[in-house]
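Below: the structure, in structure tokens.
In the numbering used here, the protein residues as written are 356 to 518.
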């Protein structure tokens, strides 16, 4: 299964200057719970913004560059590799975690989206692509807990592709 995992604001902002424009610890915890023990796939810029491989996960970077190597990371150069893994291991969940270009490339083959929707507007330079909501079923929508460390209204939404 190919799943997209991201947080965005109401205007689809997902980043600014290669960073998250907000600090939402409960979303980071959600991300950790979903991805620990699984495979995460990201573009090179997303990986570099994280400062290194995330522990207890298989880290994969998709890049056109052939001159990069990272510790504890598998490098791939074509999206067909993801499609192949998905066909060979249909019970495994592959988490696509960014960035915007990779989300655009896999949107048509994704089976699920986990979107933390932050009900606010932020300044950003990177956006999650528009998607046809008619193609998706909202399987789950849970309001996140707002507190002094998580100062925004936000929702954990799971979309599953209609079959």
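We put the beta carbon where it would ideally sit given N, CA and C, even for glycine.
- Taking 8 Å as the upper bound for CB-CB distance, residue 509 and residue 478 are not in contact here, some 18 Å apart.
- Just so you know, the alpha carbons of residue 459 and residue 484 end up roughly 6 Å apart.
- In the assembly as shown, residue 437 is a buried residue. Its beta-carbon has 16 or more other beta-carbons within 10 Å.
- Within the region 369–416, the complete beta strand (DSSP E) runs of at least 3 residues fall at 394–398.
- Between residue 400 and residue 373, the gap from beta carbon to beta carbon is short of 8 Å.
- Residue range 357–364 is occupied by the beta strand (DSSP E) that includes residue 362.
- Straight-line measurement puts the Cα of residue 366 at about 19 Å from the Cα of residue 493.
- Here residue 453 really is in contact with residue 397; their C-beta atoms are around 5 Å apart, less than 8 Å.
- Counting other Cβ atoms within 10 Å of its Cβ, residue 421 stays below 16 and is therefore classed as exposed.
- The C-alpha of residue 447 is placed about 9 Å away from the C-alpha of residue 394.
- For residue 492, the three-state secondary structure derived from DSSP is strand.
- Secondary structure at residue 424: coil, using DSSP grouped into helix, strand and coil.
- Taking a C-beta distance under 8 Å as the contact criterion, residue 358 and residue 507 do not qualify as a contact pair.
- Assignment of residue 475 by DSSP, reduced to helix, strand and coil, places it in the coil class.
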